[in-house]
Each structure stands twice: as C-alpha cells, then as structure tokens.
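Following: one structure in structure tokens, then a few remarks.
Residue numbers (my numbering): 11 to 312.
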C-alpha cells in the first residue's frame, strides 16, 4: 500500500500525542490518496509541493472521517498545522483521543506542513484501526480545518480486504468497530474483555462490519441508560431502550438473525440522547458483539 523507508527518524512534535518521542526502524509511508484510506463526509484535496507526495486531504465538516486499517506496531498521523486548524477526535481501536490542529491565533504564526499530530507505539502487530473525525470546532475561533497528509506505520503496512469481523465474540476495541462522536472508555473487570465504551450525545455512532447470519450487541444496562437506534445494512431495525432498574453487565441488548450467511453486513448503534421517564441519564454502552454464521429462524429485538 505505502512506500517503505528504512532507518528514518521521526521526532513527535509537542503538538502531537506520542507514547515514545523518538523512534527508528522500518516505516511505511501511506499518502493521503492511498486507496486503503476511507473518507466519509465532505473532504477536499489540495495540491502543493509542501505536502508529502504533493497532495493533502482537508475538511471542516463536522463528522467527516478518515479511517485507515493497518498491521504494525505503531502509527503516526501527519498533517498541516496553522491558525485555522480545528479540533479532531482520533479513535485508535475504539479509544478516544482529542487533537488540536491549530498553532495559536497570532497572524505571525507560520503554517507547518507534514507535522506529526498523533502517534501511538508499542502496539501488537495485529490488525488495528485509526479514525480521524472533524468536529467543526476550534480553540481560537479562526477556523476548524483538519488535514490528513498521510500516515507513517511502524513495522507494518496499511491493509485492505480485512474489513469484517468473523464469527465469535468481538470486543468493542476490535479494528472492525468504528466510532463517530464522543465515546468514553470504561475499564471494569465485569465488562467483556475488561473494557467497554459509552456515549450520550445525540448522533454518536458505533458501527461494526461483520460477516455472518446473526449478531448480538452486548452492552450494559442500569438506571442511567438511554435509548438507541439500531441499523442493519443502513436500514433502521429497532429503537432500543437500554434502561434497567438493576445493573446488568454484558447484557444482550439487541439481537438479529436470519441475515444472508457468508455475506458482509453492518450494524450501527446510534445514540439518541433520550431516555424513558424512569431513567436518570441517556448513556449507551457498547461492550462487545457475538456473531454467528449459521442460519437461524428468528429475528429477535431484545
């Protein structure tokens, strides 16, 4: 997918988020126009010799996303930083980070190209997913642009054709689960895999792409939980109230069967920001998914 650079050193700038500041070794550079990157929403392409590879994608549309799946032990998103930069949400395997793409409000601040904006290292060498979401907000009020110039992948490469989860238990951190909006990580030994994510803002979404004939959304119920819409392959299938007067970990919140087997499907969970009168809040939790690829005779909205 990308080009490989050996013995190249990258120093993460203070503007980025990094687990290690200095790293050397095999790095694969994935340019912004590489087909392994999926763009949703409104994005523009700008061309300049200042960009890596001569081009960069940019957006200021709230909810616009750029997603890359990769195998490797680390990744760096690099882009442009200037006074018109905005705030981006960055999800790495479902864990939320926030990145400010501006460098202040002074007109004298220069535009900085090919700047590391987010870096994570020490990953296992398996499949990972990184999503960048524009928020259309900023710290200085001068603009909200988010730029994707490319990615550096440590000891690996971008992947295509591995965009579905298969049968079995799939944790919420799986690379085939993507998030939009603001989802928070919760750590609890009672959660499947020890972690779950939760959100409360209307329109926040969690989407899993999977191959199978049935799927169950595993979540959490308590007096603070709200109502969610559930979509299968883009079609609204159910409105689910996740409220419970008693705490329920690893609860089967929604199930559906009788889907076309050995076929790729999507299940999307959308937060409504609403709750029934007995509930105190509107939180929606995603803990895991159970997938089967055997035909069933039922369709059950739990």
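All residues carry an ideal CB built from backbone N, CA and C; glycine is no exception. As the structure is a prediction and not an experimental result, all values here were calculated from the model.
Residue i: which of the options sits nearest, CA to CA?
i, options, result
"residue 259", "231, 71, 250", "231"
"residue 156", "59, 81, 42, 242", "42"
"residue 247", "267, 113, 54, 273", "267"
"residue 72", "239, 264, 144", "144"
"residue 130", "158, 87, 159", "87"
"residue 250", "273, 44, 282", "282"
"residue 340", "159, 105, 214, 120", "Outside the displayed range of the chain (11 to 312) lies residue 340, so it cannot be described from this structure."
"residue 236", "116, 84, 253", "253"
"residue 162", "303, 40, 101", "40"
"residue 190", "167, 210, 114, 304", "210"
"residue 123", "115, 215, 61, 76", "61"
"residue 118", "92, 214, 36", "92"
"residue 76", "90, 57, 56, 99", "99"
"residue 198", "233, 37, 229, 192", "229"
"residue 125", "90, 273, 85", "90"
"residue 38", "134, 286, 164", "164"
"residue 233", "133, 149, 134, 287", "287"
"residue 256", "116, 269, 290", "290"
"residue 269", "116, 111, 285, 226", "226"
"residue 133", "214, 121, 85, 238", "85"
Which same chain residues, not among the five before or five after residue i, have their C-beta less than 6 Å away from its C-beta?
i, result
"residue 307", "Only weak support is given to the placement of residue 307: the predicted model assigns it a pLDDT of 43, under 50, and the question is left unresolved by the model."
"residue 302", "177, 222, 224"
"residue 201", "297"
"residue 49", "76"
"residue 66", "42, 56, 157, 159"
"residue 216", "189, 279, 296"
"residue 101", "141, 189"
"residue 203", "181"
"residue 109", "98, 100, 127, 128"
"residue 105", "195"
Residues in its own chain within less than 7 Å of residue i by CB, not counting five upstream and five downstream?
i, result
"residue 147", "96, 97, 154"
"residue 313", "The shown model of the chain, from 11 to 312, leaves out residue 313, and the question about it has no answer."
"residue 212", "281, 282, 283"
In chain order, what residues of the same chain lie with their CB nearer than 8 Å to the CB of residue i, ignoring the 5 residues before and after it?
i, result
"residue 310", "Any reading at residue 310 is ruled out, since the residue's pLDDT is 43, under 50, leaving its predicted position unreliable."
"residue 304", "223, 224, 271"
"residue 52", "69, 71, 74"
Quick test of your reading: residue i and residue j, contact by CB under 8 Å. State the CB separation rounded to the nearest angstrom.
i, j, result
"residue 182", "residue 297", "6 Å"
"residue 94", "residue 152", "5 Å"
"residue 107", "residue 128", "6 Å"
"residue 166", "residue 83", "7 Å"
"residue 208", "residue 293", "5 Å"
"residue 187", "residue 218", "5 Å"
"residue 170", "residue 135", "Going by Cβ atoms, the distance from residue 170 to residue 135 rounds to 18 Å, so no, they are not a contact pair."
Could one say the Cβ of residue i lies closer than 9 Å to chain C's Cβ atoms, at least one of them?
i, result
"residue 48", "Looking at the structure shown, chain C is missing, and only one protein chain is on hand."
*Where are the beta strand (DSSP E) runs, 3 residues long or more, that stay fully inside the region 157 to 219, in chain order?*
Along the length of the region 157 to 219, whole beta strand (DSSP E) runs at least 3 residues long occupy 160 to 164, 178 to 181, 187 to 190, 194 to 197, 205 to 209, reported in chain order.
*Spell out a yes or no on whether the region 215 to 228 and the region 168 to 179 are touching, meaning 3 or more CB-CB pairs, one atom from each, closer than 8 Å.*
Enough Cβ pairs lie closer than 8 Å, so yes.
*Is there contact between the region 265 to 285 and the region 236 to 256, where contact requires at least three CB pairs shorter than 8 Å?*
Taking a cut-off of 8 Å on C-beta distances, the region 265 to 285 touches the region 236 to 256, as three or more cross pairs fall below it.
*Can you list, in chain order, the stretches of the beta strand (DSSP E) that have 3 or more residues and sit fully within the region 39 to 100?*
With a minimum length of 3 residues, the continuous beta strand (DSSP E) runs that stay inside the region 39 to 100 are 47 to 50, 54 to 57, 65 to 69, 75 to 81, 84 to 91.
*For the region 227 to 261, list the alpha helix (DSSP H) runs that are entirely contained and at least 4 residues long, ordered along the chain.*
You should have found no qualifying run.
*Return the chain-ordered ranges of every beta strand (DSSP E) run that is complete within the region 123 to 160 and spans a minimum of 3 residues.*
Within the region 123 to 160, the complete beta strand (DSSP E) runs of at least 3 residues are 137 to 144, 156 to 158.
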